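Throughout, the numbering used here is defined as the position within the sequence shown, counted from one, plus 10.
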Amino acid sequence: MHFIFIATNKNRKLYRRDPSFIYRCQNIAKGLEKNGHTTELIHIKDLHPFKKGDVFIFHRPSFSIRLWLLIKMLSVRNLFIMMDVDDFIFDANYASESPAYINKILPLQKVKKQFQKNLKAFKLFSHFSVSTSPLQSHLKRLIPHADTVVIPNSVYEDWKTLPKQTKRVNQKVISYFPGTRSHDKDFLTIQKPLEKFLNTYPDIILKITGQLNFHLNVPNHQIQYRQRVDFSEHWKNYQDVWVNLAPLEKTHFNHCKSALKVIEAGYFNIPTMTIDNDDTRRFKDAGAIIVSNQEEFFHQLESLLDEKEYQNKSHQLQEKVLKKADVVEVSKQLIHFIEKRIPLKAALDRRARGIYTLETLKLYYQAFQQTSDPKIYLEYCIFCRDLGYRLSSARYKKLKTNLLLNRRARPLIDEFHGRFSKKSPFLQTVFQKQTEWFQEFQAYIHNKTVCIVGNSAITKGKNLGNLIDKHDIVIRFNHCCQPQYKDDLGEKIDIWVSAPNIDSVIPAQWIIITGPNMLYKNAKWGRFQSVDLDQTRILTTPLPLWREMVKILHAPPSAGILLIYWIYTLRNSFKKIDIIGFDLESASKQYHYIDAKHQPSSRHNWQREKEVIKEWITQGLNVLDRDKR
Numbered sequence: 011m012h013f014i015f016i017a018t019n020k021n022r023k024l025y026r027r028d029p030s031f032i033y034r035c036q037n038i039a040k041g042l043e044k045n046g047h048t049t050e051l052i053h054i055k056d057l058h059p060f061k062k063g064d065v066f067i068f069h070r071p072s073f074s075i076r077l078w079l080l081i082k083m084l085s086v087r088n089l090f091i092m093m094d095v096d097d098f099i100f101d102a103n104y105a106s107e108s109p110a111y112i113n114k115i116l117p118l119q120k121v122k123k124q125f126q127k128n129l130k131a132f133k134l135f136s137h138f139s140v141s142t143s144p145l146q147s148h149l150k151r152l153i154p155h156a157d158t159v160v161i162p163n164s165v166y167e168d169w170k171t172l173p174k175q176t177k178r179v180n181q182k183v184i185s186y187f188p189g190t191r192s193h194d195k196d197f198l199t200i201q202k203p204l205e206k207f208l209n210t211y212p213d214i215i216l217k218i219t220g221q222l223n224f225h226l227n228v229p230n231h232q233i234q235y236r237q238r239v240d241f242s243e244h245w246k247n248y249q250d251v252w253v254n255l256a257p258l259e260k261t262h263f264n265h266c267k268s269a270l271k272v273i274e275a276g277y278f279n280i281p282t283m284t285i286d287n288d289d290t291r292r293f294k295d296a297g298a299i300i301v302s303n304q305e306e307f308f309h310q311l312e313s314l315l316d317e318k319e320y321q322n323k324s325h326q327l328q329e330k331v332l333k334k335a336d337v338v339e340v341s342k343q344l345i346h347f348i349e350k351r352i353p354l355k356a357a358l359d360r361r362a363r364g365i366y367t368l369e370t371l372k373l374y375y376q377a378f379q380q381t382s383d384p385k386i387y388l389e390y391c392i393f394c395r396d397l398g399y400r401l402s403s404a405r406y407k408k409l410k411t412n413l414l415l416n417r418r419a420r421p422l423i424d425e426f427h428g429r430f431s432k433k434s435p436f437l438q439t440v441f442q443k444q445t446e447w448f449q450e451f452q453a454y455i456h457n458k459t460v461c462i463v464g465n466s467a468i469t470k471g472k473n474l475g476n477l478i479d480k481h482d483i484v485i486r487f488n489h490c491c492q493p494q495y496k497d498d499l500g501e502k503i504d505i506w507v508s509a510p511n512i513d514s515v516i517p518a519q520w521i522i523i524t525g526p527n528m529l530y531k532n533a534k535w536g537r538f539q540s541v542d543l544d545q546t547r548i549l550t551t552p553l554p555l556w557r558e559m560v561k562i563l564h565a566p567p568s569a570g571i572l573l574i575y576w577i578y579t580l581r582n583s584f585k586k587i588d589i590i591g592f593d594l595e596s597a598s599k600q601y602h603y604i605d606a607k608h609q610p611s612s613r614h615n616w617q618r619e620k621e622v623i624k625e626w627i628t629q630g631l632n633v634l635d636r637d638k639r
């Protein structure tokens, strides 16, 4: 699916620099992309009501006529619309606890007015994502119809590509990142014990990044200041830190806050002193040192001077934090939430991306249950067949009752009866011969040397053609044999494997149509009308074989891996089976040997196929590319 994240702040030029938008939209977008979806980040002023997309997520919207009109127009298009909020900024009854008011940045009436405006905007939506459970509770109290999901904050995805961090320097540095000027009161909660600690241990430095009005009665050299940096440089702030601080006043606002500072520091193996709230509690064993009073703050901080205690608190924090806050995993929660609400669109999207799982099948059935639409039930039955399951008696009765004459239902119904149209005597003959030819095929490949030749460009320049052609049986795929490439690929062909959508026919003793038993599907059967069935046998891939590979891959198998597995099952061994032209390392820039412009299908799970073939190699499958000639 295509996700569009919409910033709603006033300045369209600055939204990509907003940490909240970065974590709640940009970072989640990166997680969604890792899960196979596409994303887009735009400002509300650039959002056209007819923009193409599947899911529209508005970030922290405030009411405006523009917002109201956009929601109305997008809703007419039957799109999935939701909003995201990560702060308690929508209940005017708690405006007096807002950091903006507490820290004298805005007058109370202005804060109340803004909260009311936010709530008015929120009521335009039905679906919500929030960063913490307390936020979820407050939202449902004010908007009872709110359909909500908690999508917690996560480690910034791009940080995973940073070089592995080395041991920190011996100088002990305490960090505090107030960022904006709304944290003065938060800092006051630890001012006295921190002052005492710094005076007791004069070699320790306090490093403050951002705006903060405070006074500590400590030597000047113990306090260092840094200006806020662009988020792209923020990771550098943690490179020399010993302990991080994330103090918060005990307010309803802060009770709804996420443990983001704990997550950030923990990713760099730095523990964080903080208060107890719903989200920090999740990280008690992953970097959060929770303190309830000033005396406890001092003693906990002092205990970290003991090297063993510090190692205990900081050991493998990065791994522990990622287990709880990996955006690739967290974004799956958002995907699951949305898929349950638009099951048909989700199922069609998953099928198009080659996600052949029972979860996809369930989405088809959920869509049917929601609508009772027989056409959706047909989609469910068709996907059952894609997974490798023929029409059952129960499903047949439903289809026969509602969709007997539907063109897309006919192949399923015909297969159920085992019949073909009288207009297709050729197909009838092929069907009747399948059992006989299958037995011939099994005898034909018995105990012979077999070379399965893939079409990867990695065979270029290897001059293995003669070695390939020395095998008893050579299997090739689709567009394969051209004389100018015989030095690398050879020219012998005993078994030609064709995708259903290929127009041409390459002469061979055996022709195999790949896919889930394509006899009842469109495989361009007309191209075979001139084939002499006394000289050439045509086989379709057995449905149970297809089903097994789908279970292994959770995706439709490519013709290459399907044929390797078929030959293996017929012989119960990889002995005397060689493969060549299968790119197992993604080293070749060109995908197809003959057609340089040809690109791999996105519906196949190529990474999983490589893993499976590598496992088969350990069981005896031989890669001819590696032979010493």
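No residue lacks a Cβ here, since even glycine has one placed at the ideal position from N, Cα and C. These numbers come from a predicted model, not from an experiment.
Using a Cβ-Cβ cut-off of 8 Å (strictly less than) and excluding sequence neighbours within five positions of R639, which residues of its own chain qualify? Legend: pLDDT at R639 = 41, less than 50; position of this residue unreliable, value from coordinates given subsequently. Cβ within range, chain order: L474, L477.
Could you have a look at T579 and say whether DSSP puts it in helix, strand or coil? helix
Consult DSSP for W520 and reduce its assignment to one of helix, strand or coil. strand
A275 burial status per 10 Å Cβ neighbour count (16 or more: buried): buried
When K40, L327, F241, L563 are compared against T282, the one with the closest alpha-carbon: L327
Please classify A362 as buried or exposed, where buried requires at least 16 other C-beta atoms within 10 Å of its C-beta. exposed
Spell out the partners DSSP gives H137 in its beta bridges. M92, D157
Indicate whether the contact test is met: 3 or more Cβ pairs, each with one atom in the segment 426-446 and one in the segment 524-537, closer than 8 Å. yes
Does R291 come out as helix, strand or coil in the three-state DSSP assignment? DSSP places R291 in helix when its eight states are reduced to three.
Is any heavy atom in the ligand ATP found nearer than 6 Å to the beta carbon of G41? With respect to small molecules bound, the structure shown includes none, and the ligand ATP cannot be examined in it.
Thinking just about the alpha-carbon of each residue, which of M559, D504, L529, R351 is nearest to the one in T159? Correcting the residue type first, residue 159 is Val in the shown sequence and not Thr. That would be R351, whose Cα lies nearest to the Cα of V159.
Taking only the alpha-carbon atoms, compute the straight-line gap between P212 and R238 and give it to the nearest angstrom. 26 Å
M83 - partner residues in DSSP beta bridges: According to DSSP, which records beta bridges pairwise, M83 is partnered with nothing at all.
Please classify Y235 as buried or exposed, where buried requires at least 16 neighbouring CB atoms within 10 angstroms. Residue burial annotation: Y235 is exposed, with fewer than 16 other C-beta atoms found within 10 angstroms of its C-beta.
So, are the CB atoms of D194 and N264 less than 7 Å apart? no
Are the segment 366-374 and the segment 490-506 touching, with three or more C-beta to C-beta distances below 8 Å? no
Whole-angstrom C-beta distance between R547 and W520, which should lie under 8 Å: 5 Å
Tell whether a beta-carbon distance below 7 Å holds between P257 and I200. yes
Whole angstroms are fine: how far does the CA of L354 sit from the CA of N45? 19 Å
What is the residue span of the beta strand (DSSP E) that A298 lies within? 298-300 is the span of the beta strand (DSSP E), which, as asked, contains A298.
So what does E50 bridge to, in DSSP terms? I14
Is it true that the CB of T459 sits closer than 7 Å to the CB of D482? yes
Using the rule of at least 16 other Cβ atoms within 10 Å of the residue's Cβ for burial, across every protein chain shown, is M83 buried or exposed? With a threshold of 16 other beta carbon atoms within 10 Å, M83 falls short and is exposed.
Taking just the CA atoms, how far does F207 sit from H225? 15 Å
Kindly indicate which three-state DSSP category K355 falls into: helix, strand or coil? helix
Looking only at its chain, what residues have a beta carbon closer than 6 Å to the beta carbon of N128, apart from the 5 residues adjacent to it on each side? S72, I99, F100
Pairwise C-alpha distance: Q221 and E243: 17 Å
Any 3 or more C-beta pairs closer than 8 Å across the segment 303-313 and the segment 133-140: No: fewer than three Cβ pairs fall under 8 Å.
Contact belief for I16 with F66 at Cβ below 8 Å, rounded distance in angstroms: 6 Å
What is the DSSP secondary structure of P510, reduced to helix, strand or coil? coil
Less than 7 Å between the C-beta atoms of A335 and V140, yes or no? no
Would you list the residues sitting across from K217 in a DSSP beta bridge? In the DSSP output, where bridge partners are listed per residue, K217 has S185, Q234.
Where N113 sits in the DSSP three-state scheme: coil
Below 8 Å, how does it come out for the segment 548-568 and the segment 405-417: are there three or more Cβ pairs, yes or no? no
My guess is that H262 and E43 are in contact by the Cβ rule of under 8 Å, so how many angstroms apart are they, rounded? Actually they are not in contact, since the Cβ atoms of H262 and E43 sit about 35 Å apart, beyond 8 Å.
Cβ shell of S313 (< 8 Å), same chain only, five flanking positions each side left out: E319
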